[in-house]
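Here full-length UniProt numbering is used: the first residue of the sequence shown is 1, the next is one more, and so on.
Note that the Cβ used here is the ideal one computed from N, Cα and C, for glycine as well.
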Amino acid sequence: MTVQQHLSGYTREPVTHRILRYRTSGSGHGSIVRLMSPSDLGQLIKPFVFLDLFEGEASFIHNMPMHPHSGIATVTVITEGNLRFEDEGSGKGMIDYGGVEWMRAGGGVWHGKEMSVGTSQRIQGFQLWVALPPELENASVDSQYLESAAMPETGPARVILGVHQGVQSPVRAPAGINYLLVTLNAGETWTYTPPEGHESLWLSVSRGLLATPDLVSAGEMAVFEPGNGAVTLKALRDGTVFVIGSAKSHPYDLALGNYSVHTNPQALREGEAKIAEIGGRLREYFKQADGVGAVPVFK
(Lines of atoms letter the chains of each structure in order from A; the text may use other names.)
(Lines give C-alpha, C1' and ligand atoms only; values in the text may rest on other atoms or scores of the structure.)
Protein backbone atom coordinates (compact mmCIF):
# COMPACT_ATOMS: atom_id res chain seq x y z
CA MET A 1 0.00 0.00 0.00
CA THR A 2 1.31 3.47 -0.85
CA VAL A 3 2.03 6.22 1.66
CA GLN A 4 -0.77 8.25 0.07
CA GLN A 5 -3.24 5.43 0.69
CA HIS A 6 -2.11 5.28 4.28
CA LEU A 7 -2.49 9.03 4.59
CA SER A 8 -6.04 8.90 3.33
CA GLY A 9 -6.91 6.10 5.77
CA TYR A 10 -5.00 7.43 8.76
CA THR A 11 -7.58 8.12 11.46
CA ARG A 12 -7.47 8.91 15.12
CA GLU A 13 -10.10 6.51 16.37
CA PRO A 14 -9.40 5.10 19.87
CA VAL A 15 -7.41 1.84 19.96
CA THR A 16 -6.86 -0.61 22.80
CA HIS A 17 -3.21 -1.27 21.95
CA ARG A 18 -0.50 0.25 19.81
CA ILE A 19 -0.31 -1.39 16.42
CA LEU A 20 1.94 -0.55 13.48
CA ARG A 21 0.17 1.54 10.87
CA TYR A 22 3.09 1.85 8.48
CA ARG A 23 6.53 0.32 7.96
CA THR A 24 9.12 1.29 5.35
CA SER A 25 12.70 0.55 4.34
CA GLY A 26 12.86 3.90 2.54
CA SER A 27 14.80 4.66 -0.63
CA GLY A 28 18.56 4.48 -1.01
CA HIS A 29 20.88 7.31 -1.98
CA GLY A 30 24.35 5.73 -1.78
CA SER A 31 25.38 5.73 1.87
CA ILE A 32 22.13 7.47 2.85
CA VAL A 33 18.66 5.89 3.04
CA ARG A 34 15.72 8.32 3.13
CA LEU A 35 13.15 6.81 5.52
CA MET A 36 10.79 9.77 5.89
CA SER A 37 10.16 13.07 4.12
CA PRO A 38 7.87 15.99 5.00
CA SER A 39 5.62 15.13 2.05
CA ASP A 40 4.95 11.53 3.16
CA LEU A 41 5.34 10.09 6.66
CA GLY A 42 6.14 13.55 8.02
CA GLN A 43 2.48 14.37 7.51
CA LEU A 44 1.55 11.54 9.88
CA ILE A 45 3.91 12.15 12.79
CA LYS A 46 4.79 15.85 12.65
CA PRO A 47 6.68 17.56 14.30
CA PHE A 48 8.94 14.66 13.16
CA VAL A 49 9.14 15.34 9.42
CA PHE A 50 12.32 13.78 8.00
CA LEU A 51 14.61 10.84 8.80
CA ASP A 52 17.77 9.60 7.10
CA LEU A 53 19.77 6.53 8.09
CA PHE A 54 23.38 6.92 6.97
CA GLU A 55 25.89 4.09 6.94
CA GLY A 56 29.13 3.31 5.14
CA GLU A 57 32.77 4.18 4.85
CA ALA A 58 33.39 7.27 6.95
CA SER A 59 34.98 9.00 3.97
CA PHE A 60 31.51 9.61 2.48
CA ILE A 61 31.26 12.58 4.84
CA HIS A 62 33.78 14.36 2.57
CA ASN A 63 31.12 14.44 -0.15
CA MET A 64 28.52 16.17 2.00
CA PRO A 65 27.76 19.48 0.28
CA MET A 66 26.99 22.76 1.97
CA HIS A 67 23.20 23.14 2.02
CA PRO A 68 20.61 25.43 3.61
CA HIS A 69 17.73 24.95 6.07
CA SER A 70 15.05 27.08 7.67
CA GLY A 71 12.04 26.44 9.88
CA ILE A 72 13.39 23.19 11.33
CA ALA A 73 15.89 21.73 13.75
CA THR A 74 18.19 18.88 12.68
CA VAL A 75 19.31 16.19 15.11
CA THR A 76 22.21 13.94 14.12
CA VAL A 77 22.84 10.89 16.34
CA ILE A 78 25.79 8.53 15.88
CA THR A 79 25.10 4.80 16.36
CA GLU A 80 28.44 3.40 15.15
CA GLY A 81 31.90 4.90 14.65
CA ASN A 82 32.72 8.56 15.23
CA LEU A 83 32.97 11.96 13.60
CA ARG A 84 34.92 15.07 14.50
CA PHE A 85 33.23 18.42 14.87
CA GLU A 86 34.71 21.89 14.62
CA ASP A 87 32.59 24.97 15.13
CA GLU A 88 33.58 28.52 15.95
CA GLY A 89 31.07 28.75 18.79
CA SER A 90 31.40 25.23 20.17
CA GLY A 91 35.06 24.33 19.78
CA LYS A 92 36.37 20.94 18.65
CA GLY A 93 35.62 17.39 19.72
CA MET A 94 34.50 13.90 18.78
CA ILE A 95 30.97 12.52 18.54
CA ASP A 96 30.62 8.74 18.80
CA TYR A 97 27.84 6.34 19.88
CA GLY A 98 25.08 8.39 21.48
CA GLY A 99 26.73 11.71 20.69
CA VAL A 100 24.58 14.42 19.14
CA GLU A 101 24.72 17.39 16.81
CA TRP A 102 21.68 19.65 17.30
CA MET A 103 21.10 22.58 15.00
CA ARG A 104 18.05 24.80 15.20
CA ALA A 105 18.07 26.34 11.74
CA GLY A 106 15.27 28.80 12.59
CA GLY A 107 15.26 31.72 10.17
CA GLY A 108 18.04 30.33 7.98
CA VAL A 109 21.43 28.63 7.95
CA TRP A 110 23.88 26.89 5.61
CA HIS A 111 25.91 23.93 6.89
CA GLY A 112 27.38 20.57 5.90
CA LYS A 113 31.13 20.87 6.45
CA GLU A 114 31.38 21.32 10.21
CA MET A 115 31.69 17.52 10.68
CA SER A 116 34.63 15.49 9.37
CA VAL A 117 36.03 11.95 9.47
CA GLY A 118 37.07 10.74 12.91
CA THR A 119 39.14 7.68 13.80
CA SER A 120 36.69 5.00 12.64
CA GLN A 121 36.62 3.50 9.15
CA ARG A 122 32.84 3.18 9.19
CA ILE A 123 30.09 5.46 10.41
CA GLN A 124 26.39 4.94 11.04
CA GLY A 125 23.69 7.16 12.44
CA PHE A 126 20.41 8.99 11.98
CA GLN A 127 19.57 12.51 10.95
CA LEU A 128 16.13 13.68 12.05
CA TRP A 129 14.33 16.93 11.20
CA VAL A 130 11.90 18.44 13.69
CA ALA A 131 9.39 21.06 12.52
CA LEU A 132 9.55 24.15 14.73
CA PRO A 133 6.59 26.06 16.18
CA PRO A 134 5.79 29.60 14.95
CA GLU A 135 7.78 31.33 17.69
CA LEU A 136 10.98 29.50 16.64
CA GLU A 137 10.65 28.83 12.92
CA ASN A 138 12.24 32.17 11.96
CA ALA A 139 14.29 32.63 15.13
CA SER A 140 18.08 32.75 15.43
CA VAL A 141 20.26 29.70 14.86
CA ASP A 142 21.20 27.55 17.86
CA SER A 143 23.83 24.80 17.56
CA GLN A 144 25.03 22.21 20.08
CA TYR A 145 27.65 19.46 19.75
CA LEU A 146 27.34 16.99 22.60
CA GLU A 147 29.84 14.19 23.10
CA SER A 148 28.60 10.82 24.25
CA ALA A 149 29.51 11.40 27.89
CA ALA A 150 27.24 14.46 28.00
CA MET A 151 24.12 12.50 27.02
CA PRO A 152 22.18 11.13 30.02
CA GLU A 153 21.03 7.51 30.28
CA THR A 154 18.17 5.75 32.00
CA GLY A 155 18.26 1.98 31.69
CA PRO A 156 19.16 1.05 28.10
CA ALA A 157 18.02 4.43 26.73
CA ARG A 158 19.98 7.58 26.00
CA VAL A 159 17.78 10.66 26.23
CA ILE A 160 18.53 12.58 23.04
CA LEU A 161 15.59 15.02 23.23
CA GLY A 162 13.06 15.72 25.95
CA VAL A 163 12.50 14.01 29.31
CA HIS A 164 12.25 10.28 30.01
CA GLN A 165 11.76 8.77 33.49
CA GLY A 166 12.71 12.07 35.05
CA VAL A 167 15.95 12.37 33.05
CA GLN A 168 16.30 15.58 31.01
CA SER A 169 18.29 15.85 27.79
CA PRO A 170 20.76 18.77 27.64
CA VAL A 171 19.64 19.54 24.07
CA ARG A 172 17.79 22.86 23.84
CA ALA A 173 14.79 21.44 21.97
CA PRO A 174 11.19 22.70 22.17
CA ALA A 175 9.02 21.08 24.82
CA GLY A 176 6.71 18.22 23.95
CA ILE A 177 9.21 16.07 22.01
CA ASN A 178 11.00 12.91 23.15
CA TYR A 179 13.70 11.14 21.15
CA LEU A 180 15.65 8.21 22.61
CA LEU A 181 18.49 5.94 21.47
CA VAL A 182 18.16 2.40 22.83
CA THR A 183 20.39 -0.69 22.75
CA LEU A 184 19.13 -4.16 23.76
CA ASN A 185 20.62 -7.65 23.63
CA ALA A 186 18.77 -10.72 22.41
CA GLY A 187 15.85 -11.59 24.68
CA GLU A 188 15.83 -8.26 26.53
CA THR A 189 12.58 -6.29 26.67
CA TRP A 190 12.00 -2.60 27.24
CA THR A 191 8.78 -0.68 27.70
CA TYR A 192 8.30 2.91 26.60
CA THR A 193 5.42 4.89 28.09
CA PRO A 194 4.94 8.17 26.22
CA PRO A 195 4.30 11.31 28.29
CA GLU A 196 0.74 12.57 28.46
CA GLY A 197 -0.35 14.11 25.18
CA HIS A 198 2.34 12.42 23.06
CA GLU A 199 0.15 10.84 20.38
CA SER A 200 2.80 10.48 17.66
CA LEU A 201 5.02 7.41 18.09
CA TRP A 202 7.56 5.81 15.75
CA LEU A 203 10.86 3.95 15.79
CA SER A 204 13.67 2.97 13.45
CA VAL A 205 16.20 0.14 13.81
CA SER A 206 19.82 0.65 12.72
CA ARG A 207 21.15 -2.77 13.82
CA GLY A 208 19.56 -6.06 14.89
CA LEU A 209 15.93 -7.15 14.96
CA LEU A 210 13.10 -5.84 17.14
CA ALA A 211 9.67 -7.29 17.97
CA THR A 212 6.90 -4.77 18.58
CA PRO A 213 5.44 -7.64 18.50
CA ASP A 214 5.51 -7.19 14.69
CA LEU A 215 9.09 -7.56 13.50
CA VAL A 216 11.06 -4.46 12.54
CA SER A 217 14.41 -5.16 10.89
CA ALA A 218 17.59 -3.13 10.61
CA GLY A 219 17.08 -0.34 8.09
CA GLU A 220 13.32 -0.06 8.66
CA MET A 221 11.17 2.69 10.15
CA ALA A 222 7.82 1.87 11.77
CA VAL A 223 4.97 4.24 12.66
CA PHE A 224 2.47 3.31 15.37
CA GLU A 225 -1.23 3.98 15.53
CA PRO A 226 -1.74 7.39 17.21
CA GLY A 227 -2.60 7.24 20.89
CA ASN A 228 -0.94 7.39 24.27
CA GLY A 229 -0.48 3.73 25.20
CA ALA A 230 2.84 2.16 26.14
CA VAL A 231 4.77 -0.19 23.85
CA THR A 232 6.85 -3.15 24.97
CA LEU A 233 9.72 -4.00 22.62
CA LYS A 234 11.87 -7.15 22.55
CA ALA A 235 15.27 -7.55 20.89
CA LEU A 236 15.73 -10.75 18.92
CA ARG A 237 19.44 -10.23 18.23
CA ASP A 238 22.36 -9.03 20.34
CA GLY A 239 23.27 -5.41 19.91
CA THR A 240 19.90 -4.32 18.58
CA VAL A 241 20.04 -0.52 18.25
CA PHE A 242 17.07 1.72 17.53
CA VAL A 243 15.75 5.23 17.96
CA ILE A 244 12.22 5.93 19.15
CA GLY A 245 10.36 9.23 19.11
CA SER A 246 7.10 10.52 20.55
CA ALA A 247 5.59 13.99 20.57
CA LYS A 248 2.57 16.15 20.98
CA SER A 249 0.90 16.86 17.68
CA HIS A 250 2.28 19.72 15.57
CA PRO A 251 -1.04 21.54 14.87
CA TYR A 252 0.11 23.36 11.73
CA ASP A 253 0.16 22.65 8.03
CA LEU A 254 3.58 22.06 6.54
CA ALA A 255 4.71 24.73 4.05
CA LEU A 256 7.53 23.01 2.18
CA GLY A 257 10.64 24.29 0.43
CA ASN A 258 13.55 22.24 -0.90
CA TYR A 259 15.37 22.30 2.44
CA SER A 260 12.81 24.10 4.59
CA VAL A 261 9.63 23.34 6.50
CA HIS A 262 7.49 26.15 7.92
CA THR A 263 4.01 26.56 9.35
CA ASN A 264 2.73 28.92 6.63
CA PRO A 265 3.74 30.29 3.20
CA GLN A 266 4.78 33.71 4.52
CA ALA A 267 7.18 32.19 7.07
CA LEU A 268 8.59 29.99 4.28
CA ARG A 269 9.17 33.01 2.04
CA GLU A 270 11.01 34.77 4.87
CA GLY A 271 13.15 31.71 5.52
CA GLU A 272 14.03 31.23 1.86
CA ALA A 273 14.90 34.92 1.48
CA LYS A 274 17.28 34.64 4.44
CA ILE A 275 18.81 31.47 2.97
CA ALA A 276 19.46 33.32 -0.31
CA GLU A 277 21.13 36.21 1.52
CA ILE A 278 23.36 33.85 3.53
CA GLY A 279 24.19 31.94 0.35
CA GLY A 280 25.61 35.11 -1.18
CA ARG A 281 27.92 35.58 1.78
CA LEU A 282 28.93 31.91 1.63
CA ARG A 283 29.98 32.22 -2.01
CA GLU A 284 32.17 35.20 -1.09
CA TYR A 285 33.71 33.15 1.74
CA PHE A 286 34.64 30.35 -0.66
CA LYS A 287 36.30 32.82 -3.01
CA GLN A 288 38.62 33.88 -0.19
CA ALA A 289 39.03 30.56 1.70
CA ASP A 290 42.31 28.67 1.52
CA GLY A 291 40.60 25.25 1.54
CA VAL A 292 42.09 24.27 4.91
CA GLY A 293 40.01 23.20 7.90
CA ALA A 294 36.31 22.92 8.53
CA VAL A 295 33.82 25.30 6.97
CA PRO A 296 31.83 27.05 9.71
CA VAL A 297 28.06 27.01 9.97
CA PHE A 298 26.87 30.12 8.11
CA LYS A 299 24.00 32.01 9.70
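Where TYR145 is concerned, the enclosing beta strand (DSSP E) starts and stops at 142 to 146.
Between GLY118 and MET94, the CB-CB gap stays under 8 angstroms. Fully contained in the segment 114 to 165 are the following beta strand (DSSP E) runs of length 3 or more, in chain order: 115 to 117, 122 to 131, 142 to 146, 157 to 161. Per DSSP, the continuous alpha helix (DSSP H) segment holding LEU282 begins and ends at 265 to 288. Cα atoms of GLU196 and SER70: separation of roughly 29 angstroms, rounded to the nearest angstrom. Secondary structure at GLY91: strand, using DSSP grouped into helix, strand and coil. ARG34 is not a Cβ neighbour of GLY227, given a cutoff of 8 angstroms.
In terms of Cβ geometry, TYR179 and LEU215 do not form a close pair [threshold 8 angstroms].
Linking PHE224 to TYR22 through their CA atoms gives a straight-line distance of about 7 angstroms. For ILE78, there is no enclosing alpha helix (DSSP H); the enclosing beta strand (DSSP E) has its first and last residue at 72 to 80. Nearest to PHE85 by alpha-carbon distance, out of GLY176, GLU153, TYR145, LEU184, is TYR145. Between TYR259 and PRO68, the C-beta gap is smaller than 8 angstroms, which places the two residues in contact.
In its chain, beyond the 5 residues on either side, SER169, ASN178, PRO195 have a beta carbon closer than 8 angstroms to the beta carbon of VAL163. When C-alpha distances from GLY98 are compared across ILE275, GLN124, GLY219, the shortest belongs to GLN124.
Closest in alpha carbon position to SER217, among GLY91, THR232, LEU236, is LEU236. Note that the segment 100 to 114 touches the segment 274 to 287; at least 3 beta-carbon pairs, one per stretch, sit closer than 8 angstroms.
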